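Trainee: Chains Z and L supply the protein sequences, listed in that same order.
Counting in the numbering used here, the first sequence runs from 1271 upward without gaps.
Counting in the numbering used here, the second sequence runs from 68 upward without gaps.
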Amino acid sequence: MSQDPDSLHIFEVLAKQHEAMLLAYILSLVSDHKLAEDVAQQSFLIAYRKIGTLRDPEAFPAWLRGIARLEALSALRRRDREFPVEPMVLQQLDEAYRHFEEQRPTETWEERFHLVEECYQRLPEALQTVCRLHYFEGRKAWQIAENLTLNLNAVLKRLERARHALRDCVRSKLVKDSY
Amino acid sequence: MSELTPGPTPDKPEQPKAPDGWELACIGIIRSEFGRLRSLALKKAMMQLSAEKAWEEGRAEAGRVRWWRRLGEVFAMQPSLRVAGVAVVAALVFFAGAVVWTFFPSGNHIQVMVQQPSGCRISDAVNARWAGGRSSQLKPGDFLPPEALRLESGVVELSFGSGAKAAVEGPAVFKMTSPNRIELNEGKLSTEVPHQAIGFTVRTPNVTVVDLGTRFGIDTKGQSDSEVDVFEGKVHVAEGRDVKKPDNEWDLTRNMAMVLDNRGGVTTAAAPESSFPQPSHSVLIRPANCGFDSPGHTAIGGFPEDFGYWSGPAFGLTGTVEGVRPAEGRGMLRFLSPPRQGGGAVDSVVWQIIDLRPAKDFMSRSGVTDLKAWVQFNRVHGDARSASKFKLTIAAFRGAASEAAAQWAARSRTALATAEQELVADNDPGTWERVDVATTVPPDADFAVLEIRAIAPKNTPPGVDPFPGHFADLIDAKVCLPLRASSSSAVR
């Protein structure tokens, strides 16, 4: 692609289709929005420069995620905030995104993510609140505990239950879609 | 809609487990506001790639020009070669003509030689006057050509592909030699180099300055007279043109300066930063949910009691409706009619309190700064009974967010700065119209209030909705220092 005089434009059109996915993917690993933006920018730069090594154009989103994963983990390492992510967990993360692509091939990423929003809206009020405060508004668990007059462990457990409920809901919807 | 099963009993004492991959995927999607979070990553990456591409094309072009010039110089220096040269050139021309005639018998294959840009863009200018020739037309937004340029007077701001930014004040003669390097033969320059552009180099006739992440200024008065002043961070200064074989070299840190002339280099204290032209600086003080694309950060009610959410008596967030599409993204704010008080229609108003503390360092460092805000408005086609006016107001205050309501109510007395602008909107739902406001704000301001208002027409008859489709989108604000010329000569 880089040999073509229109390569930049072609790349931009292709990358634009997956911009929302890439940011969401990076935000799975990096909670700081500014850092996630930097990682996304760097991933796009690397992707453009290495696009010649991509054999199968269909594999572009997975290939882009691979670049972003390495960049995100290396950015965390530079910031001394590396947390151990098991290879199995990273595999599952990719598997989740692959399911979105395979089960809903005609949809945009925003349409695919609407499925998660539906699951989120079906969470019980108490779980939705901690989820919103922690993941949406970026508040720390101890701050949420203070605001809601709960103990820290209770907030952490609610977050865990919210995550489990979301995971089960999203998985069941994607699996159901495949039949 | 049925609720998801909440799982087993709450609040067990054991530690929660780390999320698995599917859970991480859900977390990322929530953090991205279900894909609606606006990102500038691709835009920034494309800008950088475009600048790099432009630079490479410019260098290739310059290489071609150099090749012809060198050939010309060889023939000019060796008179005996001139005859042979003419013969060689004639033969080459004949051969090229034959090739074109043979392989491309029809069509126009002549390409116009266009000067390619350098990968460095003029991002701002104040009273800039360039010396004649092609460069006399240079203006903000243009890429600099890779050739020596003479800025007669005024100030220009240059943005490099690497992310570095420089202000050059005329009279100055300079040339871009790479996306991260500039030659300054005469004049004043100051630069700001972010982390990713470390290595940014300025070469004068007698000094090479390599930046190690900083703000610094250079004043070059001729072939052997340069001054380097460091305002922040660290630079490496090498006397001579070749940084690898310098006559002398020094590292300068914050508040240090060096004057270098043909007698050598002397270190001294840095001149004030205002002795040099200064690039523009800004800090976004972005309101929460500024694109109205996500469902959060909103509340129906009175004046907000805290930072970071939109509040007003009657409004909603919506996607495309009544034939009006959001200016950008999925959502926009829709003004609705508040309950009438005493029969007359009232304006529809929405506020947000913005915390200025994250910009405090910048404001304290800069003194009085500009406070700017902007928003876009739109409305459906309507008659005289529906509102046609909108207003944007921003005001800055000292104190805590909890005092904001009282301060706002008495803003004519309490505001440190305020600005407002009204818009009479066109009757075309296909166009969004932007309103900008600006004022100056002192560094002790603690918070700002943004108000967007759809103004109800006077004497709206009872039962008539003055806001059948009135919208706002893409609201934003920043504190900034504009590009400025030096206020005095850097003479100690």
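From the three backbone atoms N, C-alpha and C, an ideal C-beta is built for every residue, glycine too.
Just so we're clear, the structure is a prediction, and the values are computed from it rather than from any experiment.
#1: In whole angstroms, what is the alpha-carbon distance linking Gly307 (chain L) and Asp314 (chain L)?
#2: Buried or exposed, going by whether 16 or more other CB atoms sit within 10 Å of the CB of Gln1312 (chain Z)?
#3: Go to Thr481 (chain L), then tell me how far its alpha helix (DSSP H) extends in each direction, as first and last residue.
#4: Would you kindly check if the distance between the Cβ of Tyr1390 (chain Z) and the Cβ of Ile94 (chain L) is under 8 Å?
#5: Determine, for Glu1380 (chain Z), whether the minimum Cβ-Cβ distance to residues of chain L falls below 8 Å.
#6: What residues from the region 1321 to 1335 of chain Z come within 8 Å of chain L, judged by C-beta to C-beta, listed N to C?
#7: Using CA atoms only, rank isn't needed, just tell me which of L:Asp450, L:Gly536, L:Phe429 is closest to Leu351 (chain L).
#8: Taking the C-alpha atoms as reference points, what is the distance between Gly237 (chain L) and Arg551 (chain L)?
#9: With 9 Å as the limit, tell me which residues of the region 83 to 101 of chain L have their beta carbon closer than that to any beta carbon of chain Z; keep them in chain order.
#10: Between Arg1409 (chain Z) and chain L, is the shortest Cβ-Cβ distance under 8 Å, so that the two count as touching?
#11: How long is the line joining the alpha carbons of Lys458 (chain L) and Met1358 (chain Z), rounded to whole angstroms?
#12: With 9 Å as the C-beta to C-beta threshold (strictly closer), list the residues of the region 483 to 509 of chain L near chain Z in chain order.
#13: By DSSP, does Thr1378 (chain Z) sit in helix, in strand, or in coil?
#14: Given 8 Å as the limit, is there contact between the region 529 to 538 of chain L and the region 396 to 412 of chain L, that is, 3 or more CB pairs closer than that?
#15: Would you mind sorting Glu219 (chain L) into buried or exposed? The rule is 16 or more other CB atoms within 10 Å of its CB.
#16: Have a look at Z:Gln1373, Z:Glu1430, Z:Glu1377 and flag the residue whose alpha-carbon is nearest the alpha-carbon of Gln1398 (chain Z).
#17: Distance cutoff 8 Å, beta carbons only. Does Glu1307 (chain Z) sit that close to anything in chain L?
#18: Using DSSP with H/G/I as helix, E/B as strand and the rest coil, what is Leu1444 (chain Z)?
#19: With respect to the alpha helix (DSSP H) encompassing Val1283 (chain Z), which residues constitute its N-terminal and C-terminal limits?
#20: Can a CB atom of chain Z be found closer than 8 Å to the CB of Pro399 (chain L)?
#21: Is it buried or exposed, Thr281 (chain L), if we count other Cβ atoms within 10 angstroms and call 16 or more buried?
#22: Would you say Gln1311 (chain Z) reaches chain L, if we count a Cβ-Cβ gap shorter than 8 Å as a contact?
#23: In terms of alpha-carbon separation, which member of Z:Phe1370, Z:Pro1375, Z:Ala1329, Z:Asp1308 lies closest to Leu1343 (chain Z)?
#24: List the whole-angstrom C-beta distance separating Leu279 (chain L) from Val302 (chain L), where the pair is believed to meet the contact cut-off of C-beta under 8 Å.
#25: Apply the 10 Å Cβ neighbour rule to Glu1372 (chain Z) and answer buried if 16 or more other Cβ atoms are within range, or exposed otherwise.
#26: Compare the C-beta of Ala112 (chain L) against all C-beta atoms of chain Z and say whether one is closer than 8 Å.
#27: Give the single residue among L:Gly331, L:Gly332, L:Ser554, L:Glu340 whose Cα lies nearest to the Cα of Arg321 (chain L).
#28: For Ser349 (chain L), I'd like the list of residues in its chain whose CB is within less than 6 Å of its CB, leaving aside the five on either flank, ordered along the chain.
#29: Cα-Cα, which of L:Leu423, L:Ser554, L:Ala454 is closest to Ala471 (chain L)?
#30: Expressed to the nearest angstrom, what Euclidean distance is found between the alpha-carbon atoms of Arg105 (chain L) and Ser99 (chain L)?
#31: Report the rounded CA-to-CA distance for Asp209 (chain L) versus Ser190 (chain L), giving the unit in angstroms.
#32: Can you give me the C-alpha to C-alpha distance between Asp360 (chain L) and Asn247 (chain L), rounded to a whole angstrom?
#33: Who does Lys458 (chain L) pair with in a DSSP beta bridge?
#34: So, does the CB of Gly363 (chain L) fall closer than 8 Å to a CB anywhere in chain Z?
#35: Less than 8 Å between CB atoms is the rule here; does Glu1377 (chain Z) satisfy it with respect to chain L?
#36: Please list, in chain order, the chain Z residues whose beta carbon lies closer than 8 Å to that of Lys120 (chain L).
Mentor: Based on what the coordinates show:
#1: Cα-Cα distance, rounded: 6 Å.
#2: Gln1312 (chain Z) should be labelled buried.
#3: Per DSSP, the unbroken alpha helix (DSSP H) holding Thr481 (chain L) starts and ends at 478 to 481.
#4: In this structure, Ile94 (chain L) lies away from Tyr1390 (chain Z), with their beta-carbon atoms at least 8 Å apart.
#5: Nearest CB-CB separation between Glu1380 (chain Z) and chain L: below the 8 Å threshold.
#6: Residues: none.
#7: When L:Asp450, L:Gly536, L:Phe429 are compared, the shortest CA-CA separation from Leu351 (chain L) is found for L:Phe429.
#8: If I take the Cα positions, the gap works out to 12 Å.
#9: Residues of the region 83 to 101 of chain L with a Cβ closer than 9 Å to any Cβ of chain Z, in chain order: Pro83, Lys84, Ala85, Pro86, Asp87, Gly88, Trp89, Glu90, Leu91, Ala92, Cys93, Ile94, Gly95, Ile96, Ile97, Arg98, Ser99, Glu100, Phe101.
#10: For Arg1409 (chain Z), not one C-beta of chain L is nearer than 8 Å to its own C-beta.
#11: Between Lys458 (chain L) and Met1358 (chain Z), the alpha-carbon positions lie close to 54 Å from each other.
#12: The region 483 to 509 of chain L vs chain Z, Cβ under 9 Å: nothing.
#13: Of the three classes helix, strand and coil, the one that applies to Thr1378 (chain Z) here is coil, per DSSP.
#14: Two segments are said to touch when three or more pairs of C-beta atoms, one from each, lie closer than 8 Å; by this definition the region 529 to 538 of chain L touches the region 396 to 412 of chain L.
#15: Classification of Glu219 (chain L): exposed, given that the 10 Å Cβ count is below 16.
#16: Gln1398 (chain Z) has its Cα closest to that of Z:Glu1430, out of Z:Gln1373, Z:Glu1430, Z:Glu1377.
#17: Interface residue, yes.
#18: Shown here, Leu1444 (chain Z) sits in a helix according to DSSP, grouped into three states.
#19: From DSSP, the alpha helix (DSSP H) with Val1283 (chain Z) extends over 1277 to 1287.
#20: The question names Pro, but residue 399 (chain L) in the sequence shown is Met. Residue contact with chain Z for Met399 (chain L): absent (no Cβ-Cβ distance below 8 Å to any residue of chain Z).
#21: It counts as buried.
#22: At least one chain L Cβ lies under 8 Å of Gln1311 (chain Z).
#23: Per the Cα distances, Z:Asp1308.
#24: Contact annotation, Leu279 (chain L) with Val302 (chain L): C-beta distance approximately 6 Å; criterion of less than 8 Å satisfied.
#25: Exposed.
#26: True, the Cβ-Cβ gap to chain Z drops below 8 Å.
#27: Nearest C-alpha to Arg321 (chain L) among L:Gly331, L:Gly332, L:Ser554, L:Glu340: L:Glu340.
#28: When the five nearest sequence neighbours on each side are left out, the beta carbons in the same chain lying within less than 6 Å of the beta carbon of Ser349 (chain L) are those of Lys545, Cys547, in order along the chain.
#29: Of the listed residues, the one whose Cα sits closest to Ala471 (chain L) is L:Leu423.
#30: Arg105 (chain L) and Ser99 (chain L) have their alpha carbons spaced roughly 8 Å apart.
#31: CA-CA distance, Asp209 (chain L) to Ser190 (chain L), rounds to 8 Å.
#32: Those two C-alpha atoms are separated by around 37 Å.
#33: Under DSSP, Lys458 (chain L) shares a beta bridge with L:Glu489, L:Arg520.
#34: Interface annotation, Gly363 (chain L): in contact with chain Z, CB-CB separation under 8 Å.
#35: Not closer than 8 Å to any Cβ of chain L, the Cβ of Glu1377 (chain Z) fails to qualify, so no.
#36: The answer, in chain order, is Leu1278.
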